[in-house]
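Chains as they are written, first to last, in my numbering: chain A, 44 to 386; chain B, 44 to 386.
Positions of the beta carbon are idealized from the N, C-alpha and C atoms, including for glycine.
Notes follow the structure.
Protein chains: 2
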Amino acid sequence: MKRMLMGLVMCASWLVVVAALLLAIAPAYAQTDPLPSWNDGPAKQAIVAFVKTTTDQGSPQFVPPAERIATFDQDGTLWVEHPMYAQVMYCLDRVPAVVKTKPELAKVEPFKTVLSGNRAAIAKLKMPDLMKILAATLTGMSVADFTADVKRWLAEVKDPRWKRPYTDLTYLPMQEVLKYLRANGYKTYIVTGGGQDFVRVYAEQVYGIPPEQVVGSVGATKYGYDTAGKPFLIKEPKLLLNDDHAGKPEGIHLLIGRRPVAAFGNSIGDQQMLEYTKAGDGARLAMLVLHDDATREYAYGPAQGLPSTKVGTFPPALYAQAKQQGWVVIHMKTDWKRIFAWE
Amino acid sequence: MKRMLMGLVMCASWLVVVAALLLAIAPAYAQTDPLPSWNDGPAKQAIVAFVKTTTDQGSPQFVPPAERIATFDQDGTLWVEHPMYAQVMYCLDRVPAVVKTKPELAKVEPFKTVLSGNRAAIAKLKMPDLMKILAATLTGMSVADFTADVKRWLAEVKDPRWKRPYTDLTYLPMQEVLKYLRANGYKTYIVTGGGQDFVRVYAEQVYGIPPEQVVGSVGATKYGYDTAGKPFLIKEPKLLLNDDHAGKPEGIHLLIGRRPVAAFGNSIGDQQMLEYTKAGDGARLAMLVLHDDATREYAYGPAQGLPSTKVGTFPPALYAQAKQQGWVVIHMKTDWKRIFAWE
Chain A
44 MKRMLMGLVM CASWLVVVAA LLLAIAPAYA QTDPLPSWND GPAKQAIVAF VKTTTDQGSP
104 QFVPPAERIA TFDQDGTLWV EHPMYAQVMY CLDRVPAVVK TKPELAKVEP FKTVLSGNRA
164 AIAKLKMPDL MKILAATLTG MSVADFTADV KRWLAEVKDP RWKRPYTDLT YLPMQEVLKY
224 LRANGYKTYI VTGGGQDFVR VYAEQVYGIP PEQVVGSVGA TKYGYDTAGK PFLIKEPKLL
284 LNDDHAGKPE GIHLLIGRRP VAAFGNSIGD QQMLEYTKAG DGARLAMLVL HDDATREYAY
344 GPAQGLPSTK VGTFPPALYA QAKQQGWVVI HMKTDWKRIF AWE
Chain B
44 MKRMLMGLVM CASWLVVVAA LLLAIAPAYA QTDPLPSWND GPAKQAIVAF VKTTTDQGSP
104 QFVPPAERIA TFDQDGTLWV EHPMYAQVMY CLDRVPAVVK TKPELAKVEP FKTVLSGNRA
164 AIAKLKMPDL MKILAATLTG MSVADFTADV KRWLAEVKDP RWKRPYTDLT YLPMQEVLKY
224 LRANGYKTYI VTGGGQDFVR VYAEQVYGIP PEQVVGSVGA TKYGYDTAGK PFLIKEPKLL
284 LNDDHAGKPE GIHLLIGRRP VAAFGNSIGD QQMLEYTKAG DGARLAMLVL HDDATREYAY
344 GPAQGLPSTK VGTFPPALYA QAKQQGWVVI HMKTDWKRIF AWE
């Protein structure tokens, strides 16, 4: 009995030693920089301060885990959108296959221009033309066939500047923000003007964001049966949700049903999502990526006095609204130490 | 040093004792019945066998955690749907308030009948009439006002038979299934023909299912600003998704983007969701609640030779399909030891 007691006492003293060691290690771990690709500055500080104040139980701005929703635009916010959205490139690449099944389209614009291969002419296509191409190339097949085709395309095609798959063109600093938020109990969502089914194909692998957390522009699907009687969903040419501008908060309500606590965007299409997020009670984080790094990525938008371009439209009024409403602007050139993981 | 070593040895022996105790306790815990309100029988056995085979790493039917999606119809599957859907009761109760703002409706059918208070006449209203009532009572207010009004209604109103709030009328055995699946890494979703915004008001509290996991019939919302410039969403009279019949797999694709591994329903409106779930590869669980307990709840459907009723339509063909395609029928009368938690 005495030996047993002595053992217990020794155990207890060892436990104290182990506990002390753990306590000594814990702060060192906590101090590991969660955002190593960010330079110190107002943007990084805003993110860290927001996470601390919303996850500290003792903070008056504590947010319960169930309400920790963070939404991210994709094009220009999580990955490169210049010179053209990846999904538009996919649609253009699909035109020959579509024309093969519908030869009458070969003589009709905008398909004629796309088939000509004349890059300058293709670059000049206007939004109504692009919408026709999107409708023709993104519908009429089953969801499963579409997924397989996008996977094939992503594996084959490389972007023109870096000669890398599009899925390599994600911004490392934003990947760190996604992971940092998730490590702190946040559910991270993509809220994109791009097609929901397109982004779902790679979002889990590329961003760690599962299909059910991708909000995007949505075409209707129609349930049916194949010749063997097996049920499947076919993609219909009917737009249910245009998940851009006012469509972003509408899409967030449809898919999530809660107002986000944090939101990240980079263009006029994100204005309403950022406003809506910021208008909630308590601590809110609204951030806008400014593309001001012509060397490492691209420069476009008000900071450079450059004209707004077709993609990533960022008028001076948006910059002014950001300043006025307390959104934090991320200056790519000065806030980001590295842009890509493979650099 | 010797004392230290002795302490270590004693510690090690104590660790062995503790480990042995833990090992002895673990199987006892594992054997605790996760479904105590279920009688032993094919239904309970099917649920337990499904969970075991899809969560055991060594099983050829193992399902990775990210793909563990289970979908549940609500009315008649998770809670009582007789004599009328709770949401229809809510809409009928809201008619006077709507007529107050639009007095011209008082003289128009079906509003005239609802205002008459003639229960027999109200019960005879047909689907197009009900749709008019739904459109008038579920739209034209902000999402926040709607949520507040449903909360008020749920707190005030009691169902006619048990004199309890509707939120008390959930089936205890199904609550156990929800918890059991979640404890095994499944994400549980409601997939209801009812209104998404209506069910979201109480789903988290009643079922432990957060707003982002409620798939329902969806009306469009419109983003706008109040007089103070604060953004809000208003409910529009435009149906985006009728989440019933073929609309259920379509809604599942829209909100979840993955095929469920398990699905639970009780009526013809769930047919396509069950087919779609069952048509996937690997282990699949499709279950159908049969209301055959006239004493403790209600009896309707083919097992009793009763005619199909307006709610919970369950034609004999559905029962036949269940038998043919290996869906498991839950017989409320014999499979459920208890129906409600408060009994």
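- Take every Cβ of the segment 242 to 252 of chain B, pair it with every Cβ of the segment 146 to 158 of chain B, and state whether three or more of those distances are shorter than 8 Å. no
- Burial state of residue 293 of chain A (16 or more Cβ within 10 Å): Numbered from its first residue, the first sequence carries residue 293 of chain A at position 250. Buried, because 16 or more other Cβ atoms sit within 10 Å of the Cβ of residue 293 of chain A.
- Query: Counting pairs of beta carbons, one from the segment 279 to 287 of chain A and one from the segment 249 to 263 of chain A, are three or more of them closer than 8 Å?
  - Reply: yes
- Query: Looking only at C-alpha atoms, which of B:177, B:117, B:160 and B:230 sits nearest to residue 209 of chain B?
  - Reply: Sequence index remark: in the second sequence, residue 209 of chain B carries index 166 (1-based). Scanning B:177, B:117, B:160 and B:230 for the CA closest to the CA of residue 209 of chain B turns up B:117.
- residue 330 of chain A by DSSP, collapsed to three states: which one? The count along the first sequence starts at 1 and reaches residue 330 of chain A at position 287. Three-state DSSP puts residue 330 of chain A in a strand.
- Message: Tell me the DSSP secondary structure of residue 145 of chain B in three-state form.
- Response: What you label residue 145 of chain B is simply residue 102 of the second sequence in a count that begins at 1. In this structure, residue 145 of chain B counts as coil in the three-state DSSP scheme.
- Message: Please tell me whether residue 109 of chain A has its Cβ less than 8 Å away from any Cβ of chain B.
- Response: Reading the first sequence from its first residue, position 66 is the one you call residue 109 of chain A. Taking Cβ atoms only, chain B reaches closer than 8 Å to residue 109 of chain A, which makes this a yes.
- Beta-bridge partners of residue 264 of chain B, as assigned by DSSP: For the purposes of this step, residue 264 of chain B is taken as residue 221 along the second sequence, with counting starting at 1. For residue 264 of chain B, which the question treats as bridged, DSSP gives the partners B:278.
- What is the DSSP secondary structure of residue 155 of chain B, counted as helix, strand or coil? Position 112 of the second sequence, counted from the start, is the residue given in the question as residue 155 of chain B. In this structure, residue 155 of chain B counts as helix in the three-state DSSP scheme.
- Query: Which whole-angstrom value describes the C-beta separation of residue 113 of chain A and residue 232 of chain A, a residue pair presumed to lie in contact below a C-beta threshold of 8 Å?
  - Reply: By 1-based counting over the first sequence, the position of residue 113 of chain A is 70. By 1-based counting over the first sequence, the position of residue 232 of chain A is 189. That pair is a contact at about 7 Å.
- Query: Can you give the Cα-Cα distance for residue 156 of chain B and residue 178 of chain B, rounded to whole angstroms?
  - Reply: Counted from its first residue, the second sequence places residue 156 of chain B at position 113. Counted from its first residue, the second sequence places residue 178 of chain B at position 135. About 16 Å.
- Apart from the five residues just before and just after residue 227 of chain A, which ones in its own chain have a Cβ nearer than 7 Å to its Cβ? If you number the first sequence from 1, residue 227 of chain A lands on position 184. Only 94 and 98 meet the Cβ criterion.
- Using a Cβ cut-off of 8 Å, pull out every chain B residue sitting near residue 261 of chain A, in sequence order please. The count along the first sequence starts at 1 and reaches residue 261 of chain A at position 218. Chain B residues near residue 261 of chain A: 297.
- Message: Beta carbons nearer than 7 Å to chain B: which residues of the segment 306 to 340 of chain A have them?
- Response: 315, 318, 319 and 322
- Secondary structure of residue 374 of chain A, DSSP reduced to three states: In the first sequence, counting from the first residue as 1, residue 374 of chain A sits at position 331. DSSP places residue 374 of chain A in strand when its eight states are reduced to three.
- Item | Segment contact flag, the segment 317 to 331 of chain B with the segment 84 to 94 of chain B, C-beta cutoff 8 Å, min 3 pairs | yes
- Task: Could you check what DSSP says for residue 202 of chain A in three-state terms: helix, strand or coil?
- Result: Counted from its first residue, the first sequence places residue 202 of chain A at position 159. The answer is coil: DSSP assigns residue 202 of chain A none of H, G, I, E or B.
- Item | Whole-angstrom distance between residue 284 of chain A and residue 310 of chain B, CA atom to CA atom | Translated into positions along the second sequence, residue 310 of chain B becomes position 267. Translated into positions along the first sequence, residue 284 of chain A becomes position 241. Residue 310 of chain B and residue 284 of chain A: Cα-Cα distance of roughly 29 Å.
- Got a sec, what are the start and stop residues for the beta strand (DSSP E) residue 304 of chain B sits in? For this step, residue 304 of chain B is matched to residue 261 along the second sequence. Segment: none, residue 304 of chain B is in no beta strand (DSSP E) and carries neither H nor E.
- Quick one, which residues of the segment 184 to 197 of chain B are near chain A if we go by CB-CB under 7 Å, in chain order? 186
- Item | Close Cβ partners of residue 207 of chain A (< 8 Å) along its chain, the five nearest in sequence each way excluded | Looking up residue 207 of chain A in the first sequence gives position 164. Same-chain partners within the cutoff: 201 and 385.
- Which residues mark the beginning and the end of the beta strand (DSSP E) in which residue 230 of chain A is found? On the first sequence, residue 230 of chain A is found 187 positions in, with the first residue counted as 1. 230 to 238 is the span of the beta strand (DSSP E), which, as asked, contains residue 230 of chain A.
- Please name the residue in B:253, B:316, B:84 and B:213 whose C-alpha comes closest to that of residue 230 of chain B. For the purposes of this step, residue 230 of chain B is taken as the residue at position 187 of the second sequence. Closest option to residue 230 of chain B, Cα to Cα, is B:253.
- Does DSSP put residue 384 of chain A in a helix, in a strand, or in coil? The count along the first sequence starts at 1 and reaches residue 384 of chain A at position 341. Three-state DSSP puts residue 384 of chain A in coil, outside helix and strand.
- Message: Do residue 255 of chain B and residue 111 of chain A count as a contact pair if the criterion is CB distance below 8 Å?
- Response: For the purposes of this step, residue 111 of chain A is taken as the residue at position 68 of the first sequence. For the purposes of this step, residue 255 of chain B is taken as the residue at position 212 of the second sequence. Not closer than 8 Å, so no.
- Along chain A, which residues have their Cβ under 7 Å away from the Cβ of residue 273 of chain B? Counted from its first residue, the second sequence places residue 273 of chain B at position 230. 322, listed in chain order.
- Alpha carbon to alpha carbon, how far is residue 388 of chain A from residue 364 of chain A? A query on residue 388 of chain A cannot be resolved here, the shown segment of chain A reaching from 44 to 386 and no further.
- Item | CB contact below 8 Å: residue 266 of chain A versus chain D | The displayed structure is made up of protein chains A and B, and chain D is not among them.
- Taking Cβ-Cβ distances shorter than 9 Å, what residues in chain B pair up with residue 255 of chain A? For the purposes of this step, residue 255 of chain A is taken as the residue at position 212 of the first sequence. Correct list: 112, 230, 232, 255, 256, 298, 299, 300 and 301.
- Query: Which residues in the same chain as residue 198 of chain B place their Cβ atom closer than 8 Å to its Cβ, once the five residues preceding and following it in sequence are excluded?
  - Reply: Taking the second sequence and counting its residues from 1, one reaches residue 198 of chain B at position 155. Only 208 meet the Cβ criterion.
- Query: When the Cα of residue 317 of chain B is compared with those of B:145, B:288, B:162 and B:374, which residue comes out closest?
  - Reply: Here the question's residue 317 of chain B lines up with position 274 in the second sequence. With distances taken between Cα atoms, residue 317 of chain B lies closest to B:288.
- Please say whether residue 80 of chain A and residue 381 of chain A have beta carbons closer to each other than 8 Å? Stepping through the first sequence from its first residue, residue 381 of chain A is reached at position 338. Stepping through the first sequence from its first residue, residue 80 of chain A is reached at position 37. The answer is yes: Cβ separation under 8 Å.
- Item | Rounded straight-line distance, which links the Cα of residue 334 of chain B to that of residue 351 of chain B | Looking up residue 351 of chain B in the second sequence gives position 308. Looking up residue 334 of chain B in the second sequence gives position 291. Because the pLDDT at residue 351 of chain B is just 47, under 50, the model does not fix this residue reliably, and the value given afterwards should be weighed accordingly. Cα to Cα, the separation comes out at about 11 Å.
- Task: Using a cut-off of 7 Å between C-beta atoms, extract the partners of residue 280 of chain A located in chain B.
- Result: By one-based count along the first sequence, residue 280 of chain A stands at place 237. By Cβ distance, chain B contributes nothing, its closest Cβ being about 15 Å from residue 280 of chain A, past 7 Å.
- Task: Could you name the residues that DSSP lists as bridge partners for residue 112 of chain A?
- Result: Counting from 1 along the first sequence, the entry for residue 112 of chain A is found at position 69. Looking at the DSSP assignment, residue 112 of chain A forms a beta bridge with A:230.
- Can a CB atom of chain B be found closer than 8 Å to the CB of residue 243 of chain A? Numbered from 1 along the first sequence, position 200 holds the residue referred to as residue 243 of chain A. Taking Cβ atoms only, chain B reaches closer than 8 Å to residue 243 of chain A, which makes this a yes.
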